[in-house]
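*Asks:* My questions all concern the structure below.
Residue numbers (this note's numbering): 226 to 574.
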């Protein structure tokens with residue numbers, strides 16, 4: 226999610242279009258989370274139990290989070306162009322801390338409607354915040370060095386899936402939070418818990434890659450060369466995803482499965498792991514994003530106008546849509562005859 230480019234004098238239309246599109250798609254997924262009867266009890270990506278339509282409505286939203294994070298890195302580079310490394314690093318550190326606080330206090334409340342914060346949910350804004358902090362700490366090193374670190378993280382973090390968790394409970398929890406977390410519960414007290422749904426470093430790698438290619442959008446960079454770079458890198462990413470998925474040896478903790486049904490085999494091929502974002506998942510999603518950026522740079526039609534509106538105000542949209550969806554859910558809950566006694570945990574809805 227681009228959270229730090231509102232001050233730029235000239236917005237980049239293709240970035241706003243892409244960001245706006247994934248914001249719209251994201252709302253589809255969260256609507257399903259709040260209103261679909263099996264949203265919390267069944268996996269819409271399980272080829273053995275899902276339907277084609279249900280699979281697609283979940284799979285298409287896989288593109289949202291990595292593109293948010295990727296564009297945040299790209300935007301961080303652009304926002305640093307007229308700053309010293311000290312000022313750019315300080316800005317990222319403060320912005321990252323602010324995002325973590327917003328995730329804990331504002332966004333988690335929108336998800337739970339629990340004013341006592343018995344269960345705090347940490348998701349994409351939390352991980353963007355941490356990624357900005359880590360990027361700020363590395364502000365003195367070169368852009369290429371950040372890009373290389375990002376590639377090493379993205380290509381290498383799945384190695385941790387090959388080893389058993391350490392016996393030391395504290396070390397194991399720390400490794401989960403940084404490398405493999407999904408729904409990892411961190412107890413703060415007997416009545417307060419943290420739910421970590423986004424592992425920090427795999428997403429940080431994606432942000433670093435976005436930062437690393439940020440110079441493609443620098444003032445004066447040749448537009449033809451930028452488009453060529455986007456097409457080549459996007460195509461290579463998608464081919465790498467297909468190759469890794471086909472050989473089925475590395476790059477995702479959930480390997481492709483073989484069924485006696487061609488349609489299920491197709492679903493299994495694209496059922497890559499988002500939590501944490503596997504190498505295959507990242508290649509698939511970021512590859513498409515790069516191609517989208519390449520071919521929408523000069524787009525000017527009704528679609529670009531609508532998408533760019535949402536893309537220009539991503540943070541406001543992101544926060545408000547949780548409160549709106551949750552409020553509609555509460556109204557629907559009582560309007561259909563349910564009572565407060567039927568809520569699983571009050572005031573956690």
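Note that the Cβ used here is the ideal one computed from N, Cα and C, for glycine as well.
Do residue 421 and residue 405 come within 8 Å of each other at the CB atom, strictly closer than that value?
*Replies:* Taking 8 Å as the Cβ cut-off, residue 405 and residue 421 do not qualify as a contacting pair.
*Asks:* In angstroms, rounded to a whole number, what distance separates the CA positions of residue 458 and residue 467?
*Replies:* Cα to Cα, the separation comes out at about 14 Å.
*Asks:* Determine which residues share a DSSP beta bridge with residue 347 and list them.
*Replies:* For residue 347, which the question treats as bridged, DSSP gives the partners 421.
*Asks:* On the DSSP letters alone, give me the boundaries of the beta strand (DSSP E) that residue 412 sits inside.
*Replies:* Per DSSP, residue 412 belongs to the beta strand (DSSP E) from 409–412.
*Asks:* If you scan the region 238–305 from start to end, which runs of the alpha helix (DSSP H) of 4 or more residues do you find wholly inside it?
*Replies:* Counting whole runs of 4 or more residues, the region 238–305 contains the alpha helix (DSSP H) stretches 238–260, 277–284 and 289–304.
*Asks:* Could you give the distance in angstroms between the alpha-carbon of residue 543 and the alpha-carbon of residue 549?
*Replies:* Each residue's Cα considered, the two are about 10 Å apart.
*Asks:* Relative to the C-alpha of residue 476, which candidate in 383, 254 and 252 has its C-alpha closest?
*Replies:* Looking at the Cα atoms, 383 is the closest of the given residues.
*Asks:* Using 8 Å as the threshold, is the region 433–445 in touch with the region 291–302, meaning 3 or more CB pairs across them?
*Replies:* Because the criterion of three Cβ pairs below 8 Å is met, the region 433–445 and the region 291–302 touch.
*Asks:* Return yes when the Cβ of residue 269 is within less than 8 Å of the Cβ of residue 280, no when it is not.
*Replies:* The answer is yes: Cβ separation under 8 Å.
*Asks:* Helix, strand or coil for residue 390 per DSSP?
*Replies:* Coil, per DSSP.
*Asks:* Where residue 567 and residue 559 are concerned, what is the direct C-alpha to C-alpha distance, given to the nearest angstrom?
*Replies:* Computed Cα separation, rounded: 10 Å.
*Asks:* Report, in whole angstroms, the separation of the C-beta atoms of residue 546 and residue 338, which I expect to be a contact under 8 Å.
*Replies:* Actually they do not touch by this definition, with Cβ atoms about 15 Å apart.
*Asks:* Excluding sequence positions up to five away, which residues of its chain have a Cβ less than 6 Å from the Cβ of residue 365?
*Replies:* So the list reads 310, once near-sequence residues are dropped.
*Asks:* Please classify residue 485: does DSSP put it in a helix, a strand, or coil?
*Replies:* Coil at residue 485, not helix or strand.
*Asks:* Our contact map puts residue 519 next to residue 452 with C-beta atoms below 8 Å; I'd like the distance itself, whole angstroms only.
*Replies:* Contact holds; Cβ gap of about 5 Å.
*Asks:* So what does DSSP say about residue 510, is it helix, strand or coil?
*Replies:* In this structure, residue 510 counts as helix in the three-state DSSP scheme.
*Asks:* Whose CA, out of 449, 434 and 349, lies closest to the CA of residue 424?
*Replies:* Considering only alpha carbons, the answer is 349.
*Asks:* Could you confirm whether any beta carbon from chain B is found closer than 8 Å to the beta carbon of residue 541?
*Replies:* The structure shown contains no chain B, having only a single protein chain.
*Asks:* Go ahead and label residue 505 buried or exposed: buried means 16 or more other beta carbons lie within 10 angstroms of its beta carbon, across all protein chains shown.
*Replies:* So residue 505 counts as buried.
*Asks:* So, do the region 497–504 and the region 369–383 have three or more beta carbon pairs nearer to each other than 8 Å?
*Replies:* Touching, per the Cβ criterion.
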